[in-house]
Amino acid sequence: MMQKIAEHRKSLPIASVEKRLIEEVKKNDILIIVGETGSGKTTQLPQFLFNAGFCREGKMIGISQPRCIAAVTAAKKVAEECDVQLGQRVGYSIRFDNTTSSSTRLKYTTDDLLLREALVDPLLSSYSVIIVDEAHERTVPTDILLALLKRLQLDRSKAVNERSETGNKGRKVSPLKLIIMSAASLDARVFSEYYGGAKALHVIGRRFPVEILYTVHHETDAALVITIFQIHLEEEPGDILVFLTGEDEIESVERLVQERLEHLPEEERKLLPLAIFSARPSEQQMRVFAPAPIGFRKVVLVTNIAETSIAIPGIRYVVDPGWVKARSYDPSKGMETFDVLPFGFYFSGLAGREGPGKCFRLYSHREFEKLEDSTKPEIKRCNLSNVILKLKGLGYDDIFGFDFIDKPSRSAIVKALAELHLLGALTDDYKLEEPAGHQMARLPLDPLYSRALVLANQFNCLEEMLITVAVLSVESIFFYPREKREEARTSRNHFASVEGDHLTYLSVYRESNEFFEQIKAENSEAEVDKIMREWCKVNFVNSSSLKHARHTYRQIRGIVERMGFNVSSCGNDMLEYRRCLAASFFLKAAQRQMDGTYRALESGETVHIHPTSVLFRSNPECVIFNELMQTSKKYIKNLTRIDPLWLAVSSSLQNRNHFS
DNA sequence: GGCTACAGG
30 MMQKIAEHRK SLPIASVEKR LIEEVKKNDI LIIVGETGSG KTTQLPQFLF NAGFCREGKM
90 IGISQPRCIA AVTAAKKVAE ECDVQLGQRV GYSIRFDNTT SSSTRLKYTT DDLLLREALV
150 DPLLSSYSVI IVDEAHERTV PTDILLALLK RLQLDRSKAV NERSETGNKG RKVSPLKLII
210 MSAASLDARV FSEYYGGAKA LHVIGRRFPV EILYTVHHET DAALVITIFQ IHLEEEPGDI
270 LVFLTGEDEI ESVERLVQER LEHLPEEERK LLPLAIFSAR PSEQQMRVFA PAPIGFRKVV
330 LVTNIAETSI AIPGIRYVVD PGWVKARSYD PSKGMETFDV LPFGFYFSGL AGREGPGKCF
390 RLYSHREFEK LEDSTKPEIK RCNLSNVILK LKGLGYDDIF GFDFIDKPSR SAIVKALAEL
450 HLLGALTDDY KLEEPAGHQM ARLPLDPLYS RALVLANQFN CLEEMLITVA VLSVESIFFY
510 PREKREEART SRNHFASVEG DHLTYLSVYR ESNEFFEQIK AENSEAEVDK IMREWCKVNF
570 VNSSSLKHAR HTYRQIRGIV ERMGFNVSSC GNDMLEYRRC LAASFFLKAA QRQMDGTYRA
630 LESGETVHIH PTSVLFRSNP ECVIFNELMQ TSKKYIKNLT RIDPLWLAVS SSLQNRNHFS
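FYI, the numbering for the first sequence is 30 to 689, going by my numbering.
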């Protein structure tokens with residue numbers, strides 16, 4: 030077994046450059062490594078560094094990922110390769126699951142969690158090396174982490190110098206080595222410039238060649254189906270991976286493929302369409318990972334979940350139509366949009382994992398180059414209030430002068446500062462408010478939800494609000510299978526409250542919790558899990574969302590208790606709770622207009638109640654909502670009916686500072 | 001009359 034692992038490790042492209050890599054890390058405080066998926070950089074480099082003595086004096090090597098799943102699988106693999114138990118020398122730490130111990134030296138974690146560690150230890154002094162992996166994805170936490178580490182590295186060097194000057198050997202501070210890993214060579218230049226001309230090294234990745242083909246123009250779904258059949262009828266055996274934008278498109282392409290198959294002669298019908306995306310139950314998804322029946326070719330229709338989060342075996346052909354569904358934010362309207370945009374992925378490499386492959390891009394080469402540079406980092410198209418609150422919490426007060434890799438627009442920053450001020454997180458001169466701002470910065474929640482907890486503490490309904498924000502923080506707690514949508518809606522009526530979604534969520538959570546407590550006493554943990562999943566299925570509740578909400582509830586309850594909040598309940602006084610909702614979300618209120626549509630009070634936009642809201646068919650005069658999003662219409666989601674008079678009280682409550 | 005790409009704390 031160990032022999033086999035050793036052979037596999039030696040066969041990885043990165044193995045041949047171990048010596049060179051170690052030399053470069055020793056020579057450079059910041060190093061940029063470009064290498065595609067499959068180069069082995071994520072699992073091998075930390076082991077090289079460990080063997081080269083970078084963990085002396087009990088220091089750790091931190092490897093940070095944008096996603097949990099990557100941190101967990103890499104840690105497990107490395108533990109196996111080192112032949113140690115997970116949690117000993119090698120471990121991972123993610124939000125609800127920490128396997129590290131005092132003997133852990135290689136620690137895999139997520140970008141966001143590492144940022145939280147910096148709240149407690151601003152110098153991240155237990156690490157000798159920090160590796161930021163998949164930096165090309167440019168997620169918000171990655172961007173913030175890259176900026177934080179730049180500054181932190183200087184602070185660490187300064188602390189080392191001061192220590193040697195004063196002869197103070199009491200506190201152990203050593204310089205920090207920083208390694209940025211990216212799959213895209215284009216970004217290497219950006220990172221290199223950002224870190225003052227840092228050295229970039231290229232590691233060869235792809236194990237087999239992938240031929241990339243372009244079309245003359247950006248094509249439509251019809252051309253997509255033609256391409257699938259062209260591959261099926263003309264190319265050698267091997268499965269096909271097709272990137273689509275969402276559930277609707279996956280279903281329509283699935284149907285088109287089925288229809289065309291029926292018109293083919295019997296012997297050419299051996300094509301098996303399969304679909305995968307995050308919202309579909311996992312039993313159905315397992316078929317995607319199984320090999321196709323003998324003589325068949327799988328065509329796997331996926332959303333961008335397959336770009337990074339899962340690996341499907343057997344793929345030799347990738348079809349990339351060049352579109353993605355992306356969330357953007359308009360700060361002037363406080364509204365999110367959800368649009369299909371042109372997009373060029375990096376995933377041609379997925380076709381070359383098991384043999385030579387082909388990638389069919391349904392757009393021109395010239396368009397691909399344009400797409401590559403027009404893909405904006407997330408930080409330039411999101412609501413910044415959370416980012417800014419986090420930065421303030423980390424001690425960065427000057428947001429306009431903050432050293433972002435890509436600076437968000439001034440108007441987006443202004444809007445977020447104003448919002449945080451209105452929420453009572455910032456003082457009139459935009460410093461963290463004491464204590465509310467500091468408390469909000471410590472909570473792993475949207476600032477709007479953190480504010481709701483701070484207020485609920487005063488309204489005596491903290492218990493209710495903890496449940497509410499835990500549920501609001503997860504992806505929809507209800508599950509609406511397409512084929513049983515009406516049945517699901519009827520079932521939901523059992524929980525539904527005439528007051529709105531927040532009270533509905535409260536009763537789902539409480540009822541599930543009661544049931545959980547009931548079965549817990551008489552069943553093993555595995556059985557409880559199974560029974561809960563069954564309960565969820567019957568009640569059309571998304572079981573993974575519910576689990577996530579329960580974890581979140583426990584975590585944030587712990588945090589507010591440590592802040593000294595007293596978790597009290599308003600019992601049956603739902604008026605108290607609704608008044609607290611109104612006070613918390615007064616910035617997001619909407620009023621019914623003559624024609625039955627609603628007017629969002631802050632932006633003046635005409636909006637509609639989202640079909641998934643329990644208030645969809647009723648027409649309350651005034652509501653507060655949590656989300657304003659434009660898809661086919663401008664929709665408000667997660668609503669509660671309120672008395673418009675409460676809003677006046679809320680805004681004067683918010684302004685109390687001006688009178689005291 | 002109609003709806004949820006994917007992540008993270």
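Glycine is no exception: its CB is placed at the ideal position from the N, C-alpha and C atoms. None of these values were measured; they are calculated from a predicted model.
Nearest to residue i by CA position, among the options, is which residue?
i                 : options                        : result
phenylalanine 645 : Gly529, Gln584, Trp564         : Gly529
valine 643        : Asp435, Arg289, Val589, Leu532 : Leu532
glutamine 622     : Asn601, Ser597, Val652, Asp349 : Val652
tyrosine 748      : Ala103, Glu109, Ala147         : The structure shown does not extend to residue 748, since the chain spans only 30 to 689, so no value can be given for it.
glutamate 407     : Ile434, Asp602, Ile34          : Ile434
aspartate 624     : Lys106, Glu650, Leu183         : Glu650
glutamine 487     : Arg511, Ser598, Gly386, Phe569 : Ser598
arginine 395      : Glu296, Pro238, Asp457, His247 : His247
arginine 96       : Lys106, Cys111, Ile123         : Ile123
valine 331        : Glu280, Arg134, Leu610, Phe397 : Glu280
serine 661        : Val369, Ala35, His261          : Val369
glutamate 264     : Thr249, Leu285, Val347, Ile339 : Val347
arginine 607      : Cys490, Phe397, Leu262, Leu183 : Cys490
leucine 449       : Met469, Arg439, Ser440         : Met469
glutamate 109     : Ala35, Ile638, Leu472, Arg562  : Ala35
Between residue i and the rest of its own chain, which residues show a CB-CB distance below 6 Å, the 5 nearest in sequence each way excluded?
i                 : result
asparagine 686    : Residue placement at asparagine 686 is flagged as unreliable, the pLDDT there being 42, under the threshold of 50; a coordinate-derived value is accordingly withheld.
serine 307        : Ile334
phenylalanine 688 : With a pLDDT of only 34 at phenylalanine 688, under 50, the local geometry of the prediction cannot be trusted, and the value read off the model is given with reservation. Excluding sequence neighbours, phenylalanine 688 sits near nothing in its chain.
tyrosine 223      : Ile434
Between residue i and the rest of its own chain, which residues show a CB-CB distance below 7 Å, the 5 nearest in sequence each way excluded?
i             : result
valine 113    : Val119
proline 437   : Ile408, Lys409, Leu413
serine 221    : Ile61, Ala227, Ala229
threonine 171 : Pro95, Asp140, Val161, Ala164
alanine 611   : Ile653, Ile671, Trp675, Leu676, Ser679
Going by the beta-carbon positions, is the gap between residue i and residue j smaller than 7 Å?
i                 : j                 : result
glycine 69        : leucine 41        : yes
glycine 324       : lysine 299        : yes
alanine 164       : isoleucine 209    : yes
threonine 404     : serine 502        : no
alanine 578       : alanine 517       : no
serine 574        : glutamate 504     : yes
tyrosine 13       : arginine 345      : The first residue shown for the chain is 30 and the last is 689, placing residue 13 beyond what the model contains.
phenylalanine 367 : valine 353        : no
leucine 273       : valine 329        : no
aspartate 140     : leucine 174       : yes
phenylalanine 615 : leucine 668       : no
lysine 663        : valine 636        : yes
serine 613        : alanine 481       : yes
tyrosine 478      : cysteine 411      : no
leucine 303       : lysine 327        : yes
isoleucine 665    : alanine 619       : yes
lysine 362        : serine 632        : yes
proline 322       : asparagine 415    : no
valine 189        : valine 202        : yes
tyrosine 538      : isoleucine 588    : no
lysine 421        : leucine 461       : yes
phenylalanine 569 : phenylalanine 508 : yes
glycine 351       : tyrosine 392      : yes
Assuming residue i and residue j are in contact, meaning their beta carbons sit under 8 Å apart, how far apart are those beta carbons, in whole angstroms?
i             : j              : result
aspartate 317 : isoleucine 305 : The sequence shown places valine at residue 317, not aspartate. Their Cβ separation, rounded to whole angstroms, is 5 Å, which keeps valine 317 and isoleucine 305 in contact under 8 Å.
alanine 629   : leucine 657    : 6 Å
serine 526    : serine 536     : 7 Å
alanine 465   : leucine 418    : With 8 Å as the limit, alanine 465 and leucine 418 do not qualify as a contact, their Cβ atoms being about 11 Å apart.
alanine 44    : glutamine 73   : 7 Å
valine 254    : valine 282     : 7 Å
valine 46     : glutamine 76   : Wrong, their Cβ atoms sit about 14 Å apart, outside the cutoff.
alanine 212   : threonine 66   : 6 Å
lysine 387    : valine 239     : 7 Å
valine 286    : isoleucine 260 : Incorrect: roughly 12 Å between the Cβ atoms, too far for contact.
Can you name, in chain order, every residue of its own chain whose Cβ lies under 8 Å from the Cβ of residue i, other than the five neighbours on each side?
i           : result
alanine 176 : Phe431, Asp432, Phe433, Ile434
leucine 78  : Ile51, Val54, Cys84, Ile90, Val158
Meets three-Cβ-pair contact criterion under 8 Å: the segment 82-94 and the segment 150-162: Yes: the two stretches touch, three or more of their Cβ pairs being nearer than 8 Å.
Cβ contact check for the segment 379-396 and the segment 140-151: 3 or more pairs under 8 Å: The answer is no - the segment 140-151 does not touch the segment 379-396, with fewer than three Cβ pairs under 8 Å.
Stretch pair the segment 556-575 + the segment 585-594: three plus CB contacts closer than 8 Å: Flag = no, the segment 556-575 and the segment 585-594 do not touch.
contact_flag[the segment 51-70, the segment 216-236] where n(CB pairs < 8 Å) is 3 or more: Three or more beta-carbon pairs drawn from the segment 51-70 and the segment 216-236 are found closer than 8 Å, and the two stretches are therefore classed as touching.
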